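Note sheet for the following structure.
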Amino acid sequence: MSVYCSQNHDNPPGSRFCRLCGEVLTPNNGSGGEVLGDRYQILREIGHGGFGRTYLSEDIHRFRELCVLKEFAPQVQGSQALQKAESLFEREAGVLYQLQHPQIPRFRESFRAELHGQKRLFLVQDYIEGLTYQALLSDRRLQGRSFSEAEITQLLIQVLPVLDYIHQRGVIHRDIAPDNLIQRASDGLPVLIDFGGVKQIAATVASEFAPGPAYTATRLGKVGYAPPEQMQQGIVSPSSDLYALAVTVLVLLTGKEPQMLVDLRTLEWTWRREVQLSYSLGAILDRMLAARPGDRFPSAMAVLQGLKGTDPDAVPPLSLAAPPPTVTPTSATLPLTPVPPQPASTEVLVTAPPPERPRPWWGCLPWLGLMVVAGLLGWWGTLYWLGNINTPENPSPTVVSPTPTPDEEPDPASQYSPEEQARKEALRERRQALGVDFNWYVRLVNQTFYERYPDRRDRPLTAKPEDEGLREEWDAIATEWLDWLANNLDAQTRRNLGRYTDADLQRWKAAVNARYLSSRALYDLTDAAFFRLLPDQEGEPFLQQPVGQIWRAIAEEQVAAIESGQALEKIQFDAGAVNGYARDTLQPGEGKAYIANLSKGQLMRVTLEAPESGLLFSIYTPTGTATPLLADSRDRTWSGSLPESGYYEFVVVGTGPDPVDYQLNLIVEDAVPTLEPTPPPAPREKTS
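Counting in the numbering used here, the sequence shown runs from 871 upward without gaps.
Take a look at the structure:
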């Protein structure tokens, strides 16, 4: 297992010092393999900070599905401090549970468990497969490039509604940075991770119970990303997140860390020396970066409204952002493969002294010089004037039902020909009539477009005349997909495309698990229907592409069929009988699962009476720890001794072009113990 320093630098097992920063390392204490809460088995540590470690784990009660455990270990001593920490932790966890957004990992539960001989608190949250934007940027740096304005505009459009969602519920993220945004592999959407509220609790308790003079505020955040009022006084508001988001996108645009984008003499932003942006986007970022909170946008939605005026030449028509580079994804709500050290994004916790009256900025110069020498940790210190803070630090959360996302498609660019404007308007009207989400639709068409024109991956389409032919091809592909969606999916399913998340998948798995069916069986049924509709996707990594949303839509339909009994049947054995059977007819792409409650050591013989082709057959064990008895097999029989007790699964799917009749036969008998033969009596010796 890797060993991490406080900056999350990855080091080989057994290392005594960090290979990048030289910090003395603390071993992971052999956490791998431990089971916490009788449910979560630790696989490995994927990060740690001042308030605990983060572990990649398996939920052994959910067929070993991956999840993330975040340890809460405040650095305080004494029962009173620990009691207050636990109370605040539970309150914060309750707030996080209420966040139900497709771009936020679902918080499952909190629990107490003993680890390394000490009682700890843990948060369990969904496992997000994908790369952080810090990792994506690192990959692009190796290629000598960074993110484009079109990509950043799209990122803002996708992230701002998430911020609006949490802000309306009284939640401030506090820690937005490239390493706390993950580009989800399944649909390409950014997912906001690692909320700073729990860290703030630990910091607050540590400050309150720390020895020495009384303190009034704790400040938490990443130097360079957090705004002045957050680093100086620990005050946060929605505008704090907007500030950090603006710094994040500038880092992605320039490929440089925040301290390289500021003049340390004047403390003014100098990002325009590094990148040329459209006037409107630049003005938006400048306002988000205002030193005074009152000078920033009042809300995330206000920023989103401002983006509507962005230069059409800078944002390709229909948001045709180039796809991300091909990178082998890692997974977690923290990067599994740590990126090279980024000093400016080091998490810093400093306890601030009691507030003084505002002072002129030049009074901070000696202090600033000292902090520059200490690592440039306080270069925001002179920006002390906080302005108006309109949102309380810890407002009571309000539970509000999510509202549908408004249609975000812009009007066709005015420089298009009348014919092209009419064509695009017709596409928009048809897409809206079908109820298809705009952002997902663009990503889906982009996927096909860039597969056909791979040389355009690094050159997004623009509204310029030289791209007219390619725009026409893009529209033709869009028409093909709209035709396909209209002919193959119902209205409700189409409306959900682009909104399915890993949280939905976890919910579906739990639903079928409750009926003694595993996710393997659900995937078999879903694959059969999906590959019938899109045979060219077989063997492709489609779950990481926008088309993977169609697979998820089909999975949802399969769950409904399982719950209704249409796709699931229990094989019953009459009293005293040893055989059971089931028969049915499968249409192309259809499937059905059967379950039977059997015991370890029983002898089972299974026969599937069906044609040699057109069906695949699988037999899965109850816990999934044993190798499947059959998996996507064309075999029609299996016999042997059962390795486990519980519900065995028998899955039959149709893969041919025609309907197939079949009958499934089971013969199950208890093993007869082998009896040692009785030796014949020894012959008696004759006597005369």
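Glycine included, each C-beta is placed from N, C-alpha and C at the ideal position. Computed from a predicted model, the values in this text were never measured in an experiment.
Under the three-state DSSP convention, the category Glu1290 falls into:
helix
Have a look at Ser1008, Pro975 and Glu999 and flag the residue whose alpha-carbon is nearest the alpha-carbon of Leu993.
Pro975
Nearest neighbour of Leu1375, chosen from Asn1358, Gln1285, Glu1427 and Leu913 [CA to CA]
Glu1427
Using only the heavy atoms of the ligand FMN, determine whether one of them is closer than 6 Å to the beta carbon of Leu1352.
By its list of ligands, the structure shown contains no ligand whatsoever, and the ligand FMN lies outside what it can speak to.
Please identify the residue among Leu1486, Val1476, Gly1450 and Pro1492 whose C-alpha is closest to the C-alpha of Ser1469.
Pro1492
When you compare only the Cα positions, how much space is there between Leu1030 and Asn1535?
56 Å
Between which two residues does the beta strand (DSSP E) holding Pro1060 run?
Pro1060 to Leu1062
For the pair the segment 1497-1505 and the segment 1426-1444, tell me if three or more CB-CB distances fall below 8 Å.
no
Per DSSP, Tyr997 is paired with what?
Beta-bridge pairing links Tyr997 to no other residue.
Considering only the alpha carbon of each residue, which of Leu985, Leu1478 and Asp1444 lies closest to Asp1454?
Leu1478
Exposed or buried, what is Pro1411 when buried is set at 16 or more other beta-carbons lying within 10 Å of its beta-carbon?
exposed
Where Asp1444 sits in the DSSP three-state scheme
coil
Who are the near neighbours of Arg1390 in its chain, counting only those whose CB is closer than 6 Å to its CB and skipping five residues on each side?
Tyr1490
Which residue comes first and which comes last in the alpha helix (DSSP H) that contains Asp1531?
Counting along the chain, Asp1531 falls outside any alpha helix (DSSP H), though it belongs to the beta strand (DSSP E) covering Val1530 to Glu1539.
Less than 7 Å between the C-beta atoms of Ala1480 and Tyr1464, yes or no?
no
Under three-state DSSP, which class holds Tyr1517?
strand
Limits of the alpha helix (DSSP H) - the one that Tyr1490 falls within:
Where Tyr1490 is concerned, there is no enclosing alpha helix (DSSP H), although the beta strand (DSSP E) it sits in stretches over Leu1485 to Tyr1490.
Top-ranked residue by Cα proximity to Ala1437, from Gly1459, Gln1419 and Phe1443
Gly1459
So, do the segment 1013-1031 and the segment 1134-1153 have three or more beta carbon pairs nearer to each other than 8 Å?
yes
What is the rounded straight-line gap between the Cα of Leu1512 and the Cα of Val938?
33 Å
Measure from the alpha carbon of Leu1006 to the alpha carbon of each residue in Pro1330, Val1121 and Gln973, then state which is nearest.
Val1121
Would you tell me roughly how many angstroms separate the C-alpha atoms of Gln1442 and Phe1487, rounded to the nearest one?
20 Å
Alpha carbon of Glu999 to alpha carbon of Val1315, nearest angstrom
23 Å
Smallest Cα separation from Tyr1517: which of Val1119, Asp1531, Asn1383 and Leu1404?
Asn1383
Take the Cβ of Gln1419 as the centre, count every other Cβ of all protein chains shown within 10 Å, and call the residue buried at 16 or more, exposed below.
buried
Beta-bridge pairing of Lys940 - partner residues as DSSP gives them:
Thr924 and Leu993
Is the segment 1327-1346 close to the segment 1390-1404, with three or more CB pairs under 8 Å?
no
Helix, strand or coil for Asp1505? Go by DSSP, reduced to three states.
coil
Do Leu854 and Ala983 have their C-beta atoms closer together than 7 Å?
For the chain, the structure presents residues 871 to 1558; residue 854 sits outside this window and is missing.
Range covered by the alpha helix (DSSP H) that runs through Met1158:
Tyr1149 to Met1158
Can you say whether Asp1540 is buried or exposed, counting buried as having 16 or more other CB atoms within 10 angstroms of its CB?
exposed
Taking the alpha carbon of Leu969 as the reference point, which residue from Ala1466, Val1061 and Gly922 has its own alpha carbon closest?
Val1061
Contacts around Gly1524, its chain only, beta-carbon distance under 7 Å, and the 5 residues preceding and following it disregarded
Ala1398, Leu1456, Gln1457, Pro1458, Gly1459, Glu1460, Gly1461, Gly1484, Leu1485 and Val1530
Alpha carbon to alpha carbon, what distance is there between Gln1013 and Leu1026?
24 Å
Residue range of the beta strand (DSSP E) that Leu969 falls in?
Counting along the chain, Leu969 falls outside any beta strand (DSSP E), and DSSP gives it neither H nor E.
Residue range of the unbroken beta strand (DSSP E) whose run includes Thr1455:
Asn1449 to Leu1456
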